[in-house]
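**Student:**
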Amino acid sequence: MKKMAVVVVMMMMVMMSEASMIEQTCKETPDFNLCVSLLDSDPRGSSADTSGLALILVDKIKGLATKTLKEINGLYKKRPELRQALYECSRRYKTILNADVPEAIEAISKGVPKFGEDGVIDAGVEAAVCEGEFKAGKSPLTSLTKSMQKISNVTRAIVRMLL
Numbered sequence: 000m001k002k003m004a005v006v007v008v009m010m011m012m013v014m015m016s017e018a019s020m021i022e023q024t025c026k027e028t029p030d031f032n033l034c035v036s037l038l039d040s041d042p043r044g045s046s047a048d049t050s051g052l053a054l055i056l057v058d059k060i061k062g063l064a065t066k067t068l069k070e071i072n073g074l075y076k077k078r079p080e081l082r083q084a085l086y087e088c089s090r091r092y093k094t095i096l097n098a099d100v101p102e103a104i105e106a107i108s109k110g111v112p113k114f115g116e117d118g119v120i121d122a123g124v125e126a127a128v129c130e131g132e133f134k135a136g137k138s139p140l141t142s143l144t145k146s147m148q149k150i151s152n153v154t155r156a157i158v159r160m161l162l
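First residue of the sequence shown? That's 0 in numbering that gives the first Met the number 0, and the numbers climb one at a time after it.
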C-alpha cells in the first residue's frame with residue numbers, strides 16, 4: 000500500500016513538472032493563453048524541452064498556413080473580384096510553407112535558433128502582407144492572418160529563449 004502511494008505521488012510530480020514546463024515557457028510569450036492552448040493540444044508538448052516546444056509551434060504555423068491556402072483556393076471561385084489579392088496571398092502562404100517553415104525546422108533542429116527565428120518572423124510578416132493586399136475591412140482572411148501573426152509572435156518568443 001505504501002509503495003502504491005509513493006508511485007502515485009511520483010506520477011503526479013512528473014505530470015506537474017511537465018505542465019509547469021509549458022506554463023513556465025508560455026509565461027515568457029506575448030500570449031500565455033494561446034501558447035498553453037497550442038502546446039497542450041499536441042501530445043508531444045508534455046515531454047518536450049524548449050526546442051521541442053518551438054518545433055511544435057512551427058508545426059502549428061505549418062498547419063495554419065495549409066488551412067489558409069485551402070481557404071484561398073476556395074475563395075477563388077466564390078470571390079472572383081478578389082482574384083489579384085488572393086493570388087498574392089497564395090504566394091505568401093506558399094512561401095511560409097516552402098521556405099519559412101523548413102528554414103525554422105532545420106535551424107531549430109540543428110541548434111541555430113537565430114535562423115529559426117528569421118523563418119518564424121517571416122511567417123508573421125507574410126500573413127500581414129497578405130492582409131494588406133485587401134482594401135480595409137474587405138479581407139475574407141482576416142481571422143486566419145491574425146491567427147498566423149499571433150502564433151508567429153508566440154513562437155518567436157520561444158525560439159528567442161534558445162538564443
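Just so it is clear, CB atoms sit at the ideal spot from N, CA and C, and this is done for glycine as well.
What you are looking at is a predicted structure, and each value in this text was computed from that prediction instead of being measured.
Kindly indicate which three-state DSSP category PRO79 falls into: helix, strand or coil?
**Tutor:** PRO79: helix per DSSP, three-state reduction.
**Student:** Would you mind sorting SER138 into buried or exposed? The rule is 16 or more other CB atoms within 10 Å of its CB.
**Tutor:** With 16 or more other Cβ atoms within 10 Å, it is buried.
**Student:** The alpha helix (DSSP H) that contains ILE107, what's its start and end?
**Tutor:** Its alpha helix (DSSP H) spans residues 100-108.
**Student:** Can you check whether the CB of LEU54 is closer than 8 Å to the CB of ILE104?
**Tutor:** Contact: yes.
**Student:** Does SER47 come out as helix, strand or coil in the three-state DSSP assignment?
**Tutor:** As written in the sequence, residue 47 is Ala, which differs from the Ser given in the question. The answer is coil: DSSP assigns ALA47 none of H, G, I, E or B.
**Student:** Taking the continuous alpha helix (DSSP H) assigned at ALA126, which residues delimit it?
**Tutor:** Segment 112-131, the alpha helix (DSSP H) holding ALA126.
**Student:** Under 8 Å between the Cβ atoms of LYS93 and LEU68?
**Tutor:** For LYS93 and LEU68, yes; Cβs fall inside 8 Å.
**Student:** Quick check: what's the CA-CA separation for VAL165 versus GLU116?
**Tutor:** Beyond the ends of the chain as shown, which are 0 and 162, falls residue 165; an answer cannot be given.
**Student:** On the CB-based measure, 16 or more other CB atoms within 10 Å of its CB, does THR141 come out buried or exposed?
**Tutor:** By the 10 Å Cβ count, THR141 comes out exposed.
**Student:** How close, in whole Å, do the beta carbons of VAL100 and GLY118 come, if the pair is a contact with beta carbons under 8 Å?
**Tutor:** At roughly 7 Å, the Cβ-Cβ gap stays under 8 Å, so VAL100 and GLY118 are in contact.
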